[in-house]
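So the structure is just underneath, and the comments pick up after that.
Numbering (full-length UniProt numbering), first residue to last: 1 to 212.
Following this line, the structure appears as structure tokens:
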């Protein structure tokens, strides 16, 4: 009887301990990770002839995108490039020179996309991006200046001097932003030959062909 009572008492103590044992805190469920908002791409589409007016609007858009990119960097910790999509047969040269300078002087990198074709002045803009892309079947035309002049011989001589200066600036932009050699550039400028995407990649006019 004594042995039975001891066993009974031992079992009671075990049961009592089990009921009075403090419960361990349950591990907290992991908090869901909040999706961090991402910045939308900064995109400009320039599908138009190159004129003083269109370049003025493009310059304004580039400056505004530069400001937005800096604001996004402050908010999200990431700098978004400006994506400039070009499709143009070219146009006025002097406004183009300013756009080329602006693209390369912005704090925000400008990535240029050739949408189908660029020619003449527009090809200068295209090669000035920090990164340059074109679709597989897009093409590029580079050529020398065209001008019409009339008036006194002295005036026409000055006009030729001006054109030679502009031609020198044009050549320098091509040479500084591609792999093309001077002699090869001379041939391209006089040939009126449209360059396909593979040739543009070879010459260093673009960095990547999209869709390949």
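Glycine is no exception: its CB is placed at the ideal position from the N, C-alpha and C atoms.
Which residues in the same chain as residue i place their Cβ atom closer than 8 Å to its Cβ, once the five residues preceding and following it in sequence are excluded?
i           : result
residue 133 : 111, 112, 113, 114, 206, 207, 208, 209 and 210
residue 73  : 79 and 80
residue 169 : 97
Nearest-angstrom Cα distance between residue i and residue j?
i           : j           : result
residue 98  : residue 154 : 29 Å
residue 100 : residue 128 : 6 Å
residue 135 : residue 198 : 10 Å
residue 182 : residue 174 : 9 Å
residue 96  : residue 184 : 23 Å
residue 203 : residue 194 : 13 Å
residue 158 : residue 75  : 53 Å
residue 51  : residue 57  : 10 Å
residue 179 : residue 67  : 32 Å
residue 121 : residue 93  : 6 Å
residue 107 : residue 130 : 11 Å
residue 77  : residue 109 : 16 Å
residue 160 : residue 200 : 30 Å
Can the beta-carbon of residue i be found less than 9 Å from the beta-carbon of residue j?
i           : j           : result
residue 41  : residue 90  : no
residue 138 : residue 119 : no
residue 167 : residue 144 : yes
If you drop the 5 nearest sequence neighbours on each side, which residues of the same chain put their C-beta closer than 7 Å to that of residue i?
i           : result
residue 102 : 59 and 62
Looking only at its chain, what residues have a beta carbon closer than 6 Å to the beta carbon of residue i, apart from the 5 residues adjacent to it on each side?
i           : result
residue 70  : none
residue 83  : 41, 43 and 111
residue 141 : 119 and 194
residue 65  : 42 and 82
Unbroken stretches of the alpha helix (DSSP H), 4 residues or longer, contained in the region 96–129: 121–127
Please specify which runs of the alpha helix (DSSP H), each continuous and at least 4 residues long, are wholly inside the region 122–198, giving them in chain order. 153–176 and 182–191
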